[in-house]
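Shown next, in structure tokens, is the structure this report addresses.
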Amino acid sequence: MNRRENLKKLGYRLAIAVIAGIFLLACSPVKFVPENSYLLNKVEVEVDNAEINKDEAKAYVRQKENYKILGFAKFHLWLYNLSSKEKSDGWLKRIGEPPQIYNEALAIQSEGQLKQYLNNRGYFHASVDQNVEYNDKKQKANVTYSLETGEIYRIRDINYHFSNIELRRLFMSDSSRTHIKPGTAFDYYMLDKQRSSIVDLFRNNGYYYFAKEDVSYLADSSRFEKEIVLDLYVGDNRNSSDDSAKVFTPYFFNNFYVSVLPGTAPLNDVQQLNSFTDTLWTDNFTVYRNNQIKYKPLLFERSLQMKKGDRYSISDVESTFNSFNRLRQFRFIDIQFQEPQMEKDTNLLDCFIRLAPLSKQSTSFDIEGTNTSGNMGIAGNINYQHRNLFHGAEVLNIKLRGAMERLANRESEYFNTREVGVESNITIPRLLGPGNIIGSFKSFMPKTVFTLGYNFQRRPEYTRTIANVKFGYEWMRSETFRQTLNLLDFNMVNLYQFDPEFIANIEDLYIKSSFTDHLILASNYSFTYNTQGLNSSKGYSYLKLNVESAGNLLSLASSLTNQPKVQVVDTFGVGTSEYYRIFSTRFAQYVKSDVEFRYGYTIDKYNTLVARAFLGAGVPYGNFDVLPFEKKYFTGGANGIRAWQVRSLGPGTYKASKDTYPNQSSDIKLEANLEYRFKLISFIEGALFLDAGNIWAINKKDNREGALFEFDKFYKQLAFGTGTGLRFDFNYFIFRLDLGMKLRQPSDRFTDGWIIGNRSYKADDFNLSFAIGYPF
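In my numbering, each number is its position in the sequence shown, counted from 1, plus 641.
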């Protein structure tokens, strides 16, 4: 029995042990529950109104049951109960969770909190009843809070009161700020949202001293049945008449003072600025610096989103801060305002911007674990960075890389893939050339990126070199939308030193044409929408769309200049095909697009659910009737359908011979994944997953049996796999171990692919994979 089969059996036994252990947790003891007390076993909230979200209401309950994993197992309570009563601070107590003991006082407070929540939502006659079911034998208590909302109070009329006509005009001209109107519910949370919106409106229109206390409400519920007459005041709530004058006076930007020094002392005095050695003056700002730290004035002109004479706007201030921050030049950014010291009683504001730069140059060396399509390895990098190459915040990165990986499906030397490469790129914080047509970005600093690279890779099947030149743009429209456009993405790929056994396995297959020298001149566009990290809700969404086209310009140029064509025997070996060459190399011509969607939902601090869907297709045509092998899709492995080794699934119902290297790739990919993650102990996290999908050929010339995509058959050719895994979070990286089990094997045509109920499981039906990071 080989080493891989032993690993599979070990992983299989480990998974069974973990699952069995989890199921044993269903009955949690009450070891640490005092006598005459009860473990809070379950807390439920019942509402008679569909307009009220139960989960939202439950957040106001002061005491909740112990956390669960898998929806029922109180694993962390079970860990706590394994500890000794003699040790007050044992290891198991620290990683576990103490029992939640039913507290009648907290339950009464919860009733009050829930009633207040309903009142705030406009249900002034709501009632909350608490029902406790005690189980004396098991020493447990179940608590149910029953909420009866009654009828909601609504706003009948709104009367607006402003301190001056200008404030009224601004408010009435911006209807988008109106969150409340006659007929809407009298909802405290919506009123507070309206209040914050009004503050933003005025602070974006010059009212520097305007604050939340300058907006107030007066509600009268005595005049009408279940209807409120609301008075909204934007008025003088300050004690000082001087404050009142400032609050309701619009302010304007005056002078801008920018200092670029490594110091951290406050900088808000013009006399302090005069002590610096180097000064630059422009129409809009003054820059103070020393001779060792130099930036072109144009950089500050692009970064400042404020202009002298414009009304003060908090949005412009935030845009300026973000603009400087995205330059990746400064470790400290401070923006302050004050009225001019030499011009008293004016409505002008001087702006002081203090920038403390990062080190101009840096070199680093790092070693990392790698995971390429499920193949584990080690890599080392030497990195050099220059942060201000041409004094315009241009960032130069040069990386020298060496790596070794182990192809899990090979029995040769342990590290059977070696790679050496160099890549350099320069990022310029503005749009050069045709990118200027893209438009204005305010604080979302656009970038022009030039990349040059060369890579040598020795694999068991072949050796290849890749030379790459890329020119493109990166920009954002908001915190969630990112776009990339590469006008030029040039790759020259050379393959040689083929393994004779590998050549023999693909000699009669259509895919052999993919493994030839080729040239790719492509343009590609990528759009990403990502709400992860914004903390706006318990869930996040991620959407990425890629579109790429290659070879069209080269084909047009070759045709217009009457370049000669090369004639060769086509991929079937019957007849001939013709193609152009550039630099004595055939160039690829194709269009390719794919889309990926992810959704993550945090159930609580111990449980997370993540889903993913992927669909992609590439269509070769014209000068090359097959997609280059590095542009093809594959699945399986640690980041695909995990019950299969990487590149061993598909396409369609095709089944390669057992002695063939797993190297299956094709033109279409459809994949879906669902993963439930739950925290176990300390830095260890568990997971259960379900994967489905496959790859297919789009070209009818593909002579692998069952590989072709057909609309009336593809859904019958989906592979299904499930499994369990562990994640070890070491802060800097996450090490992942997954054991996948096949549920449906598309190449088993006689049983319709399903394994359960049709045959016994074998070692090949399980796949143990190691990886760095989450799969998605």
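By construction, the Cβ of each residue, glycine as well, lies at the ideal position given by its N, Cα and C atoms.
Quick caveat, the model's predicted, so the values are computed rather than measured.
CA-to-CA distance, residue 1320 to residue 1347, given in whole angstroms: Counting from 1 along the sequence shown, the entry for residue 1347 is found at position 706. Counting from 1 along the sequence shown, the entry for residue 1320 is found at position 679. Computed Cα separation, rounded: 42 angstroms.
Segment contact, 8 angstroms Cβ cut-off, at least three pairs: the region 698-717 with the region 739-758: yes
Length of the line joining the Cα atoms of residue 1118 and residue 1186: Indexing the sequence shown from 1 puts residue 1118 at position 477. Indexing the sequence shown from 1 puts residue 1186 at position 545. Taking the straight line joining both Cα atoms gives about 16 angstroms.
Span of the beta strand (DSSP E) around residue 1208: As a working mapping, residue 1208 is identified with position 567 in the sequence shown. It spans 1207-1210 - the beta strand (DSSP E) in which residue 1208 sits, taken as one unbroken run.
Which residues DSSP lists as bridging residue 846, in chain order: Translated into positions along the sequence shown, residue 846 becomes position 205. Residue 846 pairs with nothing; no bridge assigned.
Residue 729 - containing beta strand (DSSP E), residue span: The residue labelled residue 729 in the question sits at position 88 within the sequence shown. From DSSP, residue 729 is part of no beta strand (DSSP E); its letter is neither H nor E.
Span separating the alpha-carbon of residue 1281 from that of residue 696: Position 640 of the sequence shown, counted from the start, is the residue given in the question as residue 1281. Position 55 of the sequence shown, counted from the start, is the residue given in the question as residue 696. Taking the straight line joining both Cα atoms gives about 33 angstroms.
Stretch pair the region 1262-1271 + the region 1225-1234: three plus CB contacts closer than 8 angstroms: yes
Counterpart residues of residue 1040 in DSSP-defined beta bridges: For the purposes of this step, residue 1040 is taken as the residue at position 399 of the sequence shown. The partner list for residue 1040 (beta bridge, DSSP) reads 1024 and 1064.
Where residue 1104 falls: helix, strand or coil (DSSP): Stepping through the sequence shown from its first residue, residue 1104 is reached at position 463. Three-state DSSP puts residue 1104 in a strand.
Residue 1264 in three-state terms, based on DSSP: Within the sequence shown, numbered from 1, the residue matching residue 1264 stands at position 623. In the structure shown, residue 1264 sits in coil (DSSP, three-state: anything other than H, G, I, E or B).
Residue 1063 vs residue 1095 beta-carbon contact at 8 angstroms: Within the sequence shown, the letter at position 422 stands for residue 1063. Within the sequence shown, the letter at position 454 stands for residue 1095. Yes, the Cβ-Cβ distance between residue 1063 and residue 1095 is below 8 angstroms.
Proximity below 8 angstroms, CB of residue 1334 to CB of residue 1313: Translated into positions along the sequence shown, residue 1334 becomes position 693. Translated into positions along the sequence shown, residue 1313 becomes position 672. Cβ distance < 8 angstroms, so residue 1334 and residue 1313 count as in contact.
Three or more C-beta pairs below 8 angstroms linking the region 891-903 and the region 987-996: yes
Residue 804 and residue 870 closer than 8 angstroms at C-beta: Translated into the one-based positions of the sequence shown, residue 804 becomes position 163. Translated into the one-based positions of the sequence shown, residue 870 becomes position 229. No; because the gap between Cβ atoms is not below 8 angstroms, this pair is not in contact.
Sub-8 angstroms separation of residue 592 and residue 1336 beta-carbons: Residue 592 falls outside the range modelled here, since the chain spans only 642 to 1417, and no answer is possible.
Cβ pair count under 8 angstroms reaching 3, the region 824-843 against the region 852-859: yes
Burial state of residue 1202 (16 or more Cβ within 10 Å): As a first step, residue 1202 is located in the sequence shown; it is residue number 561 there, counting from the start. Per the 10 Å Cβ criterion, exposed.
Backbone CA spacing between residue 1144 and residue 1165 [nearest angstrom]: For the purposes of this step, residue 1144 is identified with residue 503 of the sequence shown, where counting begins at 1. For the purposes of this step, residue 1165 is identified with residue 524 of the sequence shown, where counting begins at 1. Distance between the alpha carbons of residue 1144 and residue 1165: 32 angstroms.
Buried or exposed (CB count within 10 angstroms, at least 16 for buried), residue 758: Translated into positions along the sequence shown, residue 758 becomes position 117. By the 10 Å Cβ count, residue 758 comes out buried.
Those runs of the beta strand (DSSP E) which lie wholly inside the region 924-996 and span at least 3 residues: 927-930 and 971-979
Three-state class that DSSP yields for residue 717 in the structure shown: Counted from its first residue, the sequence shown places residue 717 at position 76. Three-state result, residue 717: helix.
Beta-carbon contacts of residue 1125 that lie in its chain and below 6 angstroms, excluding the five residues immediately before and after: Indexing the sequence shown from 1 puts residue 1125 at position 484. Taken in chain order, the residues that qualify are 1115 and 1167.
Rounded straight-line distance, which links the Cα of residue 1269 to that of residue 1159: For this step, residue 1159 is matched to residue 518 along the sequence shown. For this step, residue 1269 is matched to residue 628 along the sequence shown. Each residue's alpha carbon lies about 8 angstroms from the other.
Contacts around residue 920, its chain only, beta-carbon distance under 6 angstroms, and the 5 residues preceding and following it disregarded: Against the sequence shown, residue 920 aligns to sequence position 279. Same-chain partners within the cutoff: 929.
Spatially closest choice to residue 1043 from 1128, 1060, 1033 and 1199, by CA coordinates: Here residue 1043 corresponds to residue number 402 of the sequence shown, with the count starting at 1. Minimum Cα distance to residue 1043 is reached at 1060.
Within 8 angstroms, strictly: CB atoms of residue 940 and residue 1033: Here residue 940 corresponds to residue number 299 of the sequence shown, with the count starting at 1. Here residue 1033 corresponds to residue number 392 of the sequence shown, with the count starting at 1. Closer than 8 angstroms, so yes.
Local Cβ density within 10 Å of residue 1156, reported as buried at 16 or more and exposed below that: Within the sequence shown, the letter at position 515 stands for residue 1156. Its Cβ being crowded by 16 or more others within 10 Å, residue 1156 is buried.
Any alpha helix (DSSP H) of 4 or more consecutive residues that is wholly inside the region 1135-1195: 1141-1147
Segment contact, 8 angstroms Cβ cut-off, at least three pairs: the region 1358-1366 with the region 1386-1403: yes
Exposure label - residue 924; buried when at least 16 CB within 10 Å: Indexing the sequence shown from 1 puts residue 924 at position 283. So residue 924 ends up on the exposed side.
6 angstroms Cβ shell around residue 1252 - same chain, five flanking residues per side excluded: Here residue 1252 is taken as the residue at index 611 of the sequence shown, counted from 1. These residues qualify, in order along the chain: 1240 and 1315.
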